[in-house]
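**Q** 15 is the number of the first residue of the sequence shown in the working numbering; add one for each residue after it. Got a structure for you, questions after.
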Amino acid sequence: MQHIKIQKLCINTNVKPKEGKLEKAVTVLKQISGQEPFTSKSRLTIRGWGIRRNEKISASVTVKGEKAQKLLEDALKIHSYELKSSCFSNNGCFGFGVEEHIDLGIKFDPSIGIFGLNYFVVLEKPGTRVSKRRRKQSKVGKKQRVVQEEAQEWFKKEYEGVIRE
Numbered sequence: 015m016q017h018i019k020i021q022k023l024c025i026n027t028n029v030k031p032k033e034g035k036l037e038k039a040v041t042v043l044k045q046i047s048g049q050e051p052f053t054s055k056s057r058l059t060i061r062g063w064g065i066r067r068n069e070k071i072s073a074s075v076t077v078k079g080e081k082a083q084k085l086l087e088d089a090l091k092i093h094s095y096e097l098k099s100s101c102f103s104n105n106g107c108f109g110f111g112v113e114e115h116i117d118l119g120i121k122f123d124p125s126i127g128i129f130g131l132n133y134f135v136v137l138e139k140p141g142t143r144v145s146k147r148r149r150k151q152s153k154v155g156k157k158q159r160v161v162q163e164e165a166q167e168w169f170k171k172e173y174e175g176v177i178r179e
């Protein structure tokens, strides 16, 4: 198995737009990551949920490098380093959720409330840059792509994790 590393860690939360919770969610993500989060808009109007088109409904932050490894380690501690096999996608990425952000060690603030977070990890092998560079761009070979089994083995080896069925 070739050396696999974390390309990026995406942390996301969705909120109800009418209650003004988006600003609070942004502050929570800023506390967790130490970076400025960005917001996303809805594409469709869903009357039952009270969401209108082009209304800001989610906040996200993308973290790379050592900081991503530390944040992932903290989030996996909550799950006792256990993930379902359905958390892993066919292209080697995996994701999971944290129900309460205060489980990450952040002090509870009654004015902010409690938010759930979604973590999504993108893994890569050396040589992935050939598909992203500007000059002489080419496809990534099959041996250089991360598949589901390799991602699961990496998770077991790197974090001594357990994968449930």
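By construction, the Cβ of each residue, glycine as well, lies at the ideal position given by its N, Cα and C atoms.
Measure the alpha-carbon distance for Asn26 versus Leu137 and round it to whole angstroms.
**A** Using only the alpha carbons, I get a separation of about 18 Å.
**Q** Considering only the alpha carbon of each residue, which of Arg159, Asn105, Cys101 and Ile20 lies closest to Tyr84?
**A** In the sequence as displayed, the identity of residue 84 is Lys instead of Tyr. Of Arg159, Asn105, Cys101 and Ile20, the residue nearest in Cα terms is Ile20.
**Q** Could you say which of Leu43, Lys171 and Thr142 lies nearest to Val112 if we only look at CA atoms?
**A** It is Leu43 whose Cα lies nearest to the Cα of Val112.
**Q** Taking the alpha carbon of Arg159 as the reference point, which residue from Glu114, Val144 and Asn28 has its own alpha carbon closest?
**A** Out of Glu114, Val144 and Asn28, Val144 has the C-alpha closest to the C-alpha of Arg159.
**Q** Under the DSSP definition of a beta bridge, which residues are partnered with Phe52?
**A** Ser74, per the DSSP bridge assignment.
**Q** For the beta strand (DSSP E) that Thr41 lies in, which residues bound it at each end?
**A** Segment Lys35 to Ser47 is the alpha helix (DSSP H) holding Thr41; no beta strand (DSSP E) there.
**Q** Quick one: using the 10 Å Cβ neighbour count with 16 as the cut-off for buried, is Phe122 buried or exposed?
**A** The residue is exposed, with fewer than 16 neighbouring Cβ atoms inside 10 Å.
**Q** Which residues in the same chain have their Cβ closer than 6 Å to the Cβ of Gln49, if we skip the five residues on either side of it in sequence?
**A** The answer, listed in chain order, is Val75.
**Q** If you count every other CB in all the chains shown that lies within 10 Å of the CB of Lys35, and 16 or more means buried, which is it?
**A** Classification for Lys35: buried.
**Q** By the three-class DSSP mapping on this structure, what secondary structure does Val144 have?
**A** Reduced to three states, the DSSP call for Val144 is helix.
**Q** Taking 9 Å as the threshold (C-beta atoms), are Ala82 and Lys22 in contact?
**A** Going by C-beta atoms, Lys22 is nearer than 9 Å to Ala82.
**Q** Drop a sphere of 10 angstroms on the beta-carbon of Lys139, count the other beta-carbons inside from all chains shown, and report buried for 16 or more, exposed for fewer.
**A** Buried, since its Cβ has 16 or more Cβ neighbours within 10 Å.
**Q** From the DSSP output, which residues share a beta bridge with Thr59?
**A** Partner(s): none; Thr59 has no beta bridge.
**Q** Taking DSSP's pairing of strands, which residues face Phe102 in a bridge?
**A** Per DSSP, Phe108.
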